[in-house]
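Numbering (UniProt numbering), first residue to last: 1 to 357.
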């Protein structure tokens, strides 16, 4: 029997790349899935409908909760890659999946999230966390403790997914991505968030900005190694494997780590080779916020100037074998050249991501 899957964010960087990975494996007979992709416009729908074996579903806004709940009743698996920050849409999908499960059918929910949930606040509040987290640890408990002290929309969603899934009896899996590098493979947006934001500012200002001394550390993963993990989870779900889920099902995905100064230096070196820019400028948190995050110092610190270190033990235990870490050093020149050739359209952030939570 062929299972059905709904993917949100198929016009985005992660969701589109996940869609491509699924279609590639399905063409090889590895992931027998009927695929639905959520889009926001008829123009996007036309592109998605041209993909073999994919049908588009038009949803104008993730606040259409009744609509999302009904969609949840129609699919065995949902990957919510379109809005890791939108708590109520996640809960609506889970309510729909619970109805489906009550009819004797399978129900699984996969949420994209990010390691900024673990980020410390070294510049604004002197809270420094240099621990290297393992997803075999109680990450749910850690998120709960951090959330009790300071709410953060993406972390709020993680907790709600786990707790709602457990209360409704729906298996949930949260994939917490670090810095993602590499050109996306989906039909629309090819760009991640962090490096393109720094590139855009460097091209404008003629130097690469880094917050403070740049010694804060993040982990990273190539976009195709990330989508390999999604594909692996789906294969395990379809096989009926016993997977860590719920509060034990928060998965990291990393292949290496970097300081923010290293990241800035690699980009500056790539810029120098292309004759675009070569200098690094150490700036304040607010200056970086104005450059990278629309003036939002809270978001800038978590994503561009904090520590968020992790090890993906759960994924590797399942058989995840990332193979693209060697492309980390190459990605700066590749992404810079591609950015100059095909400058992406500016993306408006959702209002919740522009606010200080």
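Just so you know, even glycine gets a beta-carbon here, dropped at the ideal spot from N, CA and C.
Practice item. Express the C-alpha separation of residue 261 and residue 215 in angstroms, rounding to a whole number. Key: Taking C-alpha positions only, residue 215 is separated from residue 261 by approximately 6 Å.
Exercise for review: Pull up the CB-CB distance for residue 37 and residue 57, whole angstroms please, since I reckon it's below 8 Å.
Suggested key: Between residue 37 and residue 57 the beta-carbon gap is near 7 Å, inside 8 Å, which marks them as a contact.
**Study point:** residue 230 (DSSP reduced to helix, strand or coil)
**Key:** When secondary structure is reduced to three states using DSSP, residue 230 falls in the helix class.
Point to revise | Of the residues 319, 16, 179 and 200, the one placed nearest residue 344, counting alpha carbons only | key: If we check each option's Cα against that of residue 344, 200 comes out closest.
Exercise for review: Pull up the DSSP beta-bridge partners for residue 329, would you.
Suggested key: Looking at the DSSP assignment, residue 329 forms no beta bridge with any residue, so it has no partner.
Exercise for review: Mind checking which residues open and close the beta strand (DSSP E) that includes residue 279?
Suggested key: Where residue 279 is concerned, the enclosing beta strand (DSSP E) stretches over 279 to 283.
Point to revise | Closest by C-alpha distance to residue 9, when choosing among 146, 298 and 62 | key: For residue 9, the closest C-alpha among the options 146, 298 and 62 is that of 62.
Review point. Going by beta carbon distance, what residues of the same chain come within less than 7 Å of residue 327, once the five residues before and after it are set aside?
Key: Excluding sequence neighbours, residue 327 sits near 182 and 222.
Check your understanding: Taking C-alpha atoms, which residue in 281, 67, 159 and 5 lies nearest to residue 106?
Key -> Minimum Cα distance to residue 106 is reached at 5.
Practice item. Check residue 357 in the structure and name its three-state DSSP category. Key: Confidence at residue 357 is low in this model, with a pLDDT of 41, below 50, so the placement of that residue should be treated as unreliable; the coordinate-derived value is given next. Coil, per DSSP.
**Study point:** Span of the beta strand (DSSP E) around residue 108
**Key:** Annotation for residue 108: the continuous beta strand (DSSP E) segment containing it runs 108 to 114.
Point to revise | Neighbourhood of residue 289 by C-beta distance below 6 Å, restricted to the same chain and skipping five residues each side | key: Excluding residues within five positions, the ones whose Cβ falls inside 6 Å are 295, 296, 297 and 300.
Practice item. Run through the segment 231 to 275 for me and flag every whole beta strand (DSSP E) of 3 or more residues, listed as ranges in chain order. Key: Listed in chain order, they are 250 to 252 and 256 to 259.
**Study point:** Residue closest to residue 49, alpha-carbon to alpha-carbon, out of 123, 137, 323 and 187
**Key:** Nearest C-alpha to residue 49: 187.
Check your understanding: Which residue's Cα is closest to the Cα of residue 167: 271, 95, 89 and 195?
Key -> Ranking the options by Cα distance to residue 167, first place goes to 95.
Review point. Between the Cα of residue 102 and the Cα atoms of 81, 114 and 75, which residue gives the shortest distance?
Key: Considering only alpha carbons, the answer is 75.
Point to revise | Buried or exposed by the 16-neighbour rule on C-beta atoms within 10 Å, applied to residue 55 | key: The residue in question, residue 55, is exposed, as its Cβ has fewer than 16 Cβ neighbours within 10 Å.
Exercise for review: With residue 16 as the anchor, note down where its alpha helix (DSSP H) starts and where it stops.
Suggested key: According to the DSSP assignment, residue 16 belongs to the alpha helix (DSSP H) that extends over 13 to 27.
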